[in-house]
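Going by our numbering, the residue at position 105 of the sequence shown is 192; the numbering climbs one at a time, nothing skipped.
Glycine residues also receive a C-beta, built at the ideal position from the N, C-alpha and C atoms.
Keep in mind it's a predicted model, so treat the numbers as computed, not measured.
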Amino acid sequence: MDTQTLQRVKTYDGVLRSLHMVIGLAILVLILTGSVVDYFAHGVARDAIWQLHIYAGYSLILGFLARIVWGLVGPRHARWSDMWHPKAWMAGLRQRKLHAAPRIGHHALASAAYLAVYGVLLMMAVTGLTLAAVAQSTGPLFAWLGDAAWLEDIVKQPHELGYYFLIGFTLLHIFMLIWHEIRERLPLAQSMVSGYQYLPVQRDEK
Numbered sequence: 088m089d090t091q092t093l094q095r096v097k098t099y100d101g102v103l104r105s106l107h108m109v110i111g112l113a114i115l116v117l118i119l120t121g122s123v124v125d126y127f128a129h130g131v132a133r134d135a136i137w138q139l140h141i142y143a144g145y146s147l148i149l150g151f152l153a154r155i156v157w158g159l160v161g162p163r164h165a166r167w168s169d170m171w172h173p174k175a176w177m178a179g180l181r182q183r184k185l186h187a188a189p190r191i192g193h194h195a196l197a198s199a200a201y202l203a204v205y206g207v208l209l210m211m212a213v214t215g216l217t218l219a220a221v222a223q224s225t226g227p228l229f230a231w232l233g234d235a236a237w238l239e240d241i242v243k244q245p246h247e248l249g250y251y252f253l254i255g256f257t258l259l260h261i262f263m264l265i266w267h268e269i270r271e272r273l274p275l276a277q278s279m280v281s282g283y284q285y286l287p288v289q290r291d292e293k
């Protein structure tokens, strides 16, 4: 019979957890509004959904910018260096395994996906602000891009691809959290709420 003793470690600070919540909620609202808007004909309801989508996009951009800054000046496990593990990534590719030993801070392999998501969010921010300017005649770029209607065809497809990527990542993120909690018997999902991680300190077999 396996027994496991867990060590409770304060890992994620309040600012990081708040930014995680803001970015996560903004992505959820963006996905929902982007999914339902085409079911409404042109009118007040459709315009309101687009406005909600745009404001959620602003929230995402502000949260993303704050996350960039906090990744440079925040505590150890909020920094970008805590997500940079090229040796673990290469080992995972060579061994064709998605498993890495539990560690304090961001998961060594999952960090690659997180960095990819941040790259997609940057692309979504740029294309979203451009679409707001040329298609909705609003936003901070409207003064410069409002007359460049030709840009819509260029940025619309990357924006939609990013939308589908974020849906896939969100579902995969939830699935992997559940899978790791079952496999490693560690309460992972609560760490971005409480700030505490639980890591095994010993495992005895009888």
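I need the DSSP call for G282, collapsed to helix, strand or coil. coil
Thinking C-beta only, is A220 closer than 8 Å to G206? no
Using DSSP with H/G/I as helix, E/B as strand and the rest coil, what is K243? helix
Same chain, Cβ closer than 6 Å to I148, five either side skipped, listed in chain order: A212
What distance in whole Å lies between the Cβ atoms of G282 and G101, which are believed to be in contact at a cut-off of 8 Å? 7 Å
Start and end residues, alpha helix (DSSP H) containing P173: 173-182
Helix, strand or coil for M88? Go by DSSP, reduced to three states. Note that M88 has pLDDT 44, beneath the 50 cutoff, so the model's placement of it is unreliable and no number is given.
Using the three-state DSSP reduction, which class does L273 fall into: helix, strand or coil? coil
Considering V204, what are the terminal residues of the alpha helix (DSSP H) in which it resides? 197-222
Could you say which of D125, Q182, L117 lies nearest to Y145 if we only look at CA atoms? L117
Work out the CA separation of I191 and L106 for me, nearest whole Å. 19 Å
Identity of the residue in T217, L286, W157, V204 nearest Y250 by Cα: V204
Measure the alpha-carbon distance for W171 versus A178 and round it to whole angstroms. 14 Å
Range of the contiguous alpha helix (DSSP H) that encloses D134: 131-160
Proximity of T92 and V288 at Cβ, strictly below 8 Å: yes
Looking only at its chain, what residues have a beta carbon closer than 7 Å to the beta carbon of I254, apart from the 5 residues adjacent to it on each side? I118
Within the same chain, show all residues whose beta-carbon is closer than 8 Å to that of R104, passing over the 5 residues directly before and after it, in chain order. M279, V280, G282
Three-way DSSP call (helix, strand, coil) for L103 in this model: helix
Going along the chain, which residues of its own chain have a beta-carbon closer than 7 Å to the beta-carbon of S224, five neighbours each way excluded? G233
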